[in-house]
Each structure stands twice: as C-alpha cells, then as structure tokens.
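Enquirer:
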Amino acid sequence: MSNRTEYWNPKNETLSREELRSLQHRKLKRLCEWAYERSPFHRRRWEKAAFHPDQLRTVADIQRIPFMTREDWMDAQAEEPPFGTLPAVPRDLAIRYHTTSGTTGRTPLRVLDSTKDWQWIAEMWCYGIWGFGVRPSDVVLFAFSYGTFIGFWGAHYACEKIGCLVLPSGGGTSEGRVKSILDMGVTTLCSTPTYALRLAQTAAEMGVDLARDSRLEKVVVSGESGGSIPAVKRQLESALGAKVSDMAGMTEIGTIMIFECANQPGGTHIIEDNFIEETIEHDGERPLPYGERAERVVTSLGRGFIPLIRYRTKDLVVKIPHSSCACGRTGDIYHGGIQGRWDDMKLVRGTNVYPRAVESIVRECRAVDEFQILLTREGVQDEITVLIELKPGREDHWTELEGRLCKDLPDAHEGLRFNVRLAERNSLPRFELKAKRLVDKRPVADFT
Amino acid sequence: MARLDLLGRPLTPAETQLLEIYTTLKSVAAQPDLPPCAERNVKQALASMWQVANDLDLEFEQLYDVGV
Chain A
0 MSNRTEYWNP
10 KNETLSREEL
20 RSLQHRKLKR
30 LCEWAYERSP
40 FHRRRWEKAA
50 FHPDQLRTVA
60 DIQRIPFMTR
70 EDWMDAQAEE
80 PPFGTLPAVP
90 RDLAIRYHTT
100 SGTTGRTPLR
110 VLDSTKDWQW
120 IAEMWCYGIW
130 GFGVRPSDVV
140 LFAFSYGTFI
150 GFWGAHYACE
160 KIGCLVLPSG
170 GGTSEGRVKS
180 ILDMGVTTLC
190 STPTYALRLA
200 QTAAEMGVDL
210 ARDSRLEKVV
220 VSGESGGSIP
230 AVKRQLESAL
240 GAKVSDMAGM
250 TEIGTIMIFE
260 CANQPGGTHI
270 IEDNFIEETI
280 EHDGERPLPY
290 GERAERVVTS
300 LGRGFIPLIR
310 YRTKDLVVKI
320 PHSSCACGRT
330 GDIYHGGIQG
340 RWDDMKLVRG
350 TNVYPRAVES
360 IVRECRAVDE
370 FQILLTREGV
380 QDEITVLIEL
390 KPGREDHWTE
400 LEGRLCKDLP
410 DAHEGLRFNV
420 RLAERNSLPR
430 FELKAKRLVD
440 KRPVADFT
Chain B
0 MARLDLLGRP
10 LTPAETQLLE
20 IYTTLKSVAA
30 QPDLPPCAER
40 NVKQALASMW
50 QVANDLDLEF
60 EQLYDVGV
C-alpha cells in the first residue's frame, strides 16, 4: 500500500478545510499553553499584551497573539546569550545547533533542536519529497555543504527515512558530482536552483549532456526562489531532462513548510497540519484574502524547543485555494512559491544577506570612506561584490583590509564567498538621506 | 469504548496499536535505570513514534520532560 499512495500522510493531507482548522486549533492551544508555561520570551510578551492561551476558542483567535519578528528574537538572544529567552527547554536537551545570518552584524541567529524536533524536521521534508514522487527505489545525490546552514539537512534524513539510497557530496567538486550522477545512476538531485544549473553547465564542459546521458528524473530545489520562476524551471528541466519541484523553508522553523507536488500546479502546497500560515498586509496587521500580494506569518506547530508563534517572515506571497491543484491535497497554495521579500534582505546562493549586517562589518574598518554592495548574475550564478572606497591617504591599508573583509564577511554569512574590490576615489554615490548602498543587478523574476 | 483521535474520530485497529506502542515507549523512556544502549535507542524510537502520533492525530504533546 505505502508505495502506491501519492500522499506521505493520506489522512491529514486530504482533511476537509473545516477539519484542518479544528486540528490546527487543538494543536495551537496546546503549543501556546506550553510556550506560556516554559518560554520566558513568550510569557513576558503575552502578559504585556494581555493574551492568555485560554483565549484561543477557535483557530481564528490566533489573531489575539502578538506578532514576533526576527529583531525580537535577536534582541532576546542578545539579552541572554548565546541562545536567549525564546527556548522553552534547557540547552542540554538539544542534539542539533544551526545558525542563520543575523540582521545586524556578526552575531548569527542560533537555533537548537531536540531528538524529537530533529526527526520532525525530516518528517516535514518527507511530505514534500514523497509528494513530488521520490520513492525507495530512487538514488538521491545531495549537492550541499553540510555546514551549520540548515539547507538540505532535513531532506537528507527524509530521503533515508523514505528508504532511498542517499549520496552525500559535501566536499565534492562539480566534476565529481557529475561523475557520481552517471556512475551511480542518480535519479534525484537536491540542490539550489542556481547550483543545479551550474552542474548542467559543468557537465556540458565535460562533454556530458545530463538530459541525455544520465538517469536523472527529479530535481528538488530549495534555498532560492528560482524553482518557482517559470523561466528558470524551464531552463532547469531542459538542461537536466528532469522534473523540478520547488520546496521552501527557513532556518527559523528548521524545515520546509511548502512544497510543489507532482502535479506541478505552479505553486507550493502549505503543510497545514503542521503550520498555520497567515497572509497579512506588509505595512500593517490586516489579514489579506486569496489572490493578494501579502506578507506571510508562520506559526510552527511541530517544534516545541523554540516555539515560533505568529512570526512575521517578510516573505512576499500570494495565497490561492487548494482547489487550484487537482492532486486532492487540501493544503492551500502559494502561487509561485515565495515570490520575494518585503524588506531589504537578499538571498544569495541560498544565504540571507542583510545590507545592514554587511555595513556593520565594513564600518568597523576606519579606513573605509564609502562602500556599495553589488549583486550580479554571472552565467547562472549569483555573485556578491563589496566595492570599497578608502579615505584619502589610507591606500596603504588596502591589502590588510581586503584580507580582513574576505574573512569576516563569509564568517558572518555561513561561509558565503564575497568579492571585495577597491573602488576609485569618488566613484561611489554619496547619500544625505535614506542611503541605498545595495544595487541588485540580477534579472527580475517573472512568476506569470 | 473506542479510543478517539484529536478530531474525535474512532481509531482504526492499526492506529490503536500505534498509539499503544507510543505510550509504552514513553513510559519506558521515563525509567531512570536504563543502560545507555537502551535509554538512547528508546528515545530515538520514541521520537520516531511521536511523528506517527502527530501525523495521524493520535496525540499531540511535548516530550522534552522525558528527554526527547
């Protein structure tokens, strides 16, 4: 039976909307009771807002809970380093530590998971990976660095759980990965969309046409929005001769919350038995209906170590009804996946980059007069370059400064490589108000 | 009387059995005198069975107090 169903969890993935809301309510209430009891962060904020979990009579009462933001979380971390006041459980119960880039400087956002949470993270990936059609007979290659960046960690364990043959390729080169795809009969590739394209390019340089010469059938992409951009998806599917599924998550929840099923409806189903996803106006708090460009707010029902409740993600989404897809799942859909950001955060090769975090590192160097962050696309890959103008008479400092920035910027961004270049005197723009030091020259995505 | 899931529906025989395994593992995991080989493997197994209980709406609770 288990290999024949197209759903990982047939019971919950096909619940009626009414049943789904009822289930969400029961879980939300228990999670909030737990968080109120055990998380100093939540208790303090909820008491200030006169909210108590007893007020949750239906799932719609979620709107009584105050929002939380990444800045709130960072502040709580700074208040009681290294993990802050959000965790509901002592650190010694954690078996996993992951980080994501901070918003303001060198300090990352630190995330802990227990044994149960870590397995739940893989479980959520199972919803997506199974739903896309990956089965025990598949051979899956992970083109992923296996560092503190959460990336495909959960997907790796999900594929093991499903029963696939898993090929980790953390330290591998692109050439080595192409060889593995051919030699091992890899049927499924997991990587960022950018890297999947790069792999196809590398293969071509080796005289290999992956679409013709390999057994690739499925590509799971995550970490960037490319997988839901029709033009990028077409390019990937043509270069690799495989179907592509976009799955999106975030380090703050540790896993994916949306995935594109095998029907490829042009969007991603929300895993609604484990997440409550609200869509609201980005510059206010009003809920927005289907079809509106909105900010997504997530409540994760599965992770109790770090209860994430009404977290404003700044992700730009357009929610549409589940009936837009014929697969039978009743989880609603984000048309085009995560379409972008409402704030100034940029995604570069899967890593979050906040201009103010880059600025705080660059400004530690007193020789810097002005700077600019330049995002470009070189072939299929995104590049980030920091252009530096030095103060007059400080040219002698360049070599030391360049070396320092080439180390400190990646250290604060999960190892992301930055190009650091010296700009000519007075070549960069100066600002009196609202400085815009980030220039994004990458092509704009078209989700239609 | 038939046991019910979180939505008030009767459990199937397989679900009843799964819930019993989960409950048994939880009780074993709370025992203080298990050797490391038993303690850690029971906790791993309990974490796995929590996923089943959560997926099938059999139970929804936190397990941190038994170290999982």
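In order, the protein sequences belong to chains A and B.
Every letter in the first sequence is one number past the one before it in numbering that gives the first Met the number 0, and letter 366, counting from 1, is 365.
Every letter in the second sequence is one number past the one before it in numbering that gives the first Met the number 0, and letter 59, counting from 1, is 58.
Where a beta carbon is used, it is the ideal one built from N, C-alpha and C, also for glycine.
(1) Using 8 Å for Cβ pairs, my map puts Leu19 of chain A next to Glu271 of chain A. What's the rounded Cβ distance?
(2) What beta strand (DSSP E) runs, 3 residues minimum, are completely inside the region 131–164 of chain A?
(3) If contact means a Cβ-Cβ distance below 7 Å, which residues of the region 8–22 of chain A contact chain B?
(4) Note down, in chain order, each residue of its chain lying with its Cβ closer than 7 Å to the Cβ of Glu32 of chain A, except the 5 sequence neighbours on either side.
(5) Terminal residues of the continuous beta strand (DSSP E) containing Gly266 of chain A?
(6) Which chain B residues are close to Val88 of chain A, counting only those with a beta carbon under 8 Å from its beta carbon?
(7) For the region 238–326 of chain A, which segments carrying the beta strand (DSSP E) assignment without a break, of at least 3 residues, lie completely within its bounds, in sequence order?
(8) Is the CB-CB distance between Phe82 of chain A and Lys217 of chain A below 8 Å?
(9) Apply the 10 Å Cβ neighbour rule to Pro107 of chain A and answer buried if 16 or more other Cβ atoms are within range, or exposed otherwise.
(10) Which chain A residues are close to Ala46 of chain B, counting only those with a beta carbon under 9 Å from its beta carbon?
(11) Determine, using beta carbons only, whether His321 of chain A and Gly335 of chain A come nearer to each other than 8 Å.
(12) Report yes if the CB atom of Thr221 of chain A is closer than 8 Å to the CB atom of Ala241 of chain A, and no otherwise.
(13) Could you name each continuous beta strand (DSSP E) segment of 3 residues or more that falls completely within the region 9–74 of chain A, going from the start of the chain to the end?
(14) What residues from chain B crowd round Leu85 of chain A, counting only those whose CB sits closer than 9 Å?
(15) For the region 195–214 of chain A, enumerate the residues whose C-beta is nearer than 9 Å to any C-beta of chain B, in chain order.
(16) Does any C-beta atom of chain B lie closer than 8 Å to the C-beta of Leu27 of chain A?
(17) If distances are taken between C-alpha atoms only, which option among B:Met48, B:Leu17, B:Glu19, B:Asp54 comes closest to Val67 of chain B?
(18) Between which two residues does the beta strand (DSSP E) containing Glu369 of chain A stretch?
(19) Of all the CB atoms in chain A, is at least one closer than 8 Å to the CB of Leu6 of chain B?
(20) When you compare the CB of Gln30 of chain B with every CB in chain A, is at least one pair closer than 8 Å?
(21) Please confirm whether Asp439 of chain A and Lys345 of chain A have their CB atoms less than 8 Å apart.
(22) In the DSSP assignment, the alpha helix (DSSP H) including Ser224 of chain A goes from what residue to what residue?
(23) How would you list, in chain order, the residues of chain A whose beta-carbon sits under 7 Å from the beta-carbon of Val67 of chain B?
(24) With H, G and I counted as helix, E and B as strand and the rest as coil, what does DSSP make of Gly127 of chain A?
(25) Taking the straight line between their C-alpha atoms, what separation do you get for Asp314 of chain A and Gln338 of chain A?
(26) Out of A:Leu14, A:Phe304, A:Leu188, state which residue places its alpha-carbon closest to the alpha-carbon of Tyr96 of chain A.
(27) Taking any Cβ of chain C, which residues in the region 68–84 of chain A have a Cβ under 8 Å from it, in chain order?
Expert: Put simply:
(1) Here the question's residue 19 of chain A lines up with position 20 in the first sequence. Here the question's residue 271 of chain A lines up with position 272 in the first sequence. Yes, they are in contact, since the Cβ atoms of Leu19 of chain A and Glu271 of chain A sit about 5 Å apart, within 8 Å.
(2) Counting only runs of 3 or more, we get 138–141.
(3) So the close ones are Asn8, Lys10, Asn11, Glu18, Ser21, Leu22.
(4) The residue you call residue 32 of chain A lines up with position 33 of the first sequence. For Glu32 of chain A, the CB contacts under 7 Å within the same chain, skipping 5 residues up- and downstream, are Pro52 in chain order.
(5) Sequence index remark: in the first sequence, residue 266 of chain A carries index 267 (1-based). In the DSSP assignment, Gly266 of chain A falls within the unbroken beta strand (DSSP E) covering 266–269.
(6) Start at 1 with the first residue of the first sequence, and residue 88 of chain A comes out as number 89. Chain B residues near Val88 of chain A: Tyr63.
(7) Qualifying beta strand (DSSP E) stretches, in chain order: 242–249, 254–258, 266–269, 274–279, 292–299, 310–319.
(8) By 1-based counting over the first sequence, the position of residue 82 of chain A is 83. By 1-based counting over the first sequence, the position of residue 217 of chain A is 218. Against a cut-off of 8 Å, the Cβ pair of Lys217 of chain A and Phe82 of chain A comes out as no contact.
(9) To locate residue 107 of chain A, count along the first sequence from 1; it is residue 108. So Pro107 of chain A ends up on the buried side.
(10) Taking the first residue of the second sequence as 1, we reach residue 46 of chain B at position 47. Near Ala46 of chain B (Cβ distances below 9 Å), the residues of chain A are Ser113, Thr114, Lys115, Asp116, Trp117, Gln118, Trp119.
(11) One-based indexing of the first sequence puts residue 321 of chain A at position 322. One-based indexing of the first sequence puts residue 335 of chain A at position 336. The answer is no: Cβ separation not under 8 Å.
(12) If you number the first sequence from 1, residue 221 of chain A lands on position 222. If you number the first sequence from 1, residue 241 of chain A lands on position 242. The question names Thr, but residue 221 of chain A in the sequence shown is Ser. No, the Cβ-Cβ distance between Ser221 of chain A and Ala241 of chain A is not below 8 Å.
(13) Restricting attention to beta strand (DSSP E) runs no shorter than 3 residues, the region 9–74 of chain A encloses none.
(14) Your numbering for residue 85 of chain A matches position 86 in the first sequence. None at all; the shortest Cβ gap to chain B is about 14 Å.
(15) Of all residues in the region 195–214 of chain A, none is placed with a Cβ closer than 9 Å to any Cβ belonging to chain B.
(16) Translated into the one-based positions of the first sequence, residue 27 of chain A becomes position 28. Residue-level contact by beta carbon fails for Leu27 of chain A and chain B, as no gap is shorter than 8 Å.
(17) Indexing the second sequence from 1 puts residue 67 of chain B at position 68. Distance from the Cα of Val67 of chain B is smallest, within the candidate group B:Met48, B:Leu17, B:Glu19, B:Asp54, for B:Met48.
(18) Looking up residue 369 of chain A in the first sequence gives position 370. DSSP places Glu369 of chain A in the uninterrupted beta strand (DSSP E) bounded by 367–377.
(19) Residue mapping note: residue 6 of chain B aligns to position 7 of the second sequence, counting from 1. Taking a beta-carbon distance threshold of 8 Å, Leu6 of chain B counts as an interface residue toward chain A.
(20) The residue given as residue 30 of chain B occupies position 31 in the second sequence. No, because no Cβ of chain A sits closer than 8 Å to the Cβ of Gln30 of chain B.
(21) If you number the first sequence from 1, residue 439 of chain A lands on position 440. If you number the first sequence from 1, residue 345 of chain A lands on position 346. Yes, these two residues count as a Cβ contact at 8 Å.
(22) Position 225 of the first sequence, counting from 1, holds the residue named residue 224 of chain A. Careful: Ser224 of chain A lies outside any alpha helix (DSSP H) and carries neither H nor E.
(23) Stepping through the second sequence from its first residue, residue 67 of chain B is reached at position 68. Ser113, Thr114, Lys115, listed in chain order.
(24) On the first sequence, residue 127 of chain A is found 128 positions in, with the first residue counted as 1. If DSSP states are grouped into helix, strand and coil, Gly127 of chain A belongs with the helices.
(25) One-based indexing of the first sequence puts residue 314 of chain A at position 315. One-based indexing of the first sequence puts residue 338 of chain A at position 339. Straight-line Cα distance between these residues: approximately 8 Å.
(26) Stepping through the first sequence from its first residue, residue 96 of chain A is reached at position 97. For the options A:Leu14, A:Phe304, A:Leu188, the alpha carbon positioned closest to that of Tyr96 of chain A is the one of A:Phe304.
(27) Protein chains A and B are contained in the structure displayed, whereas chain C is not.
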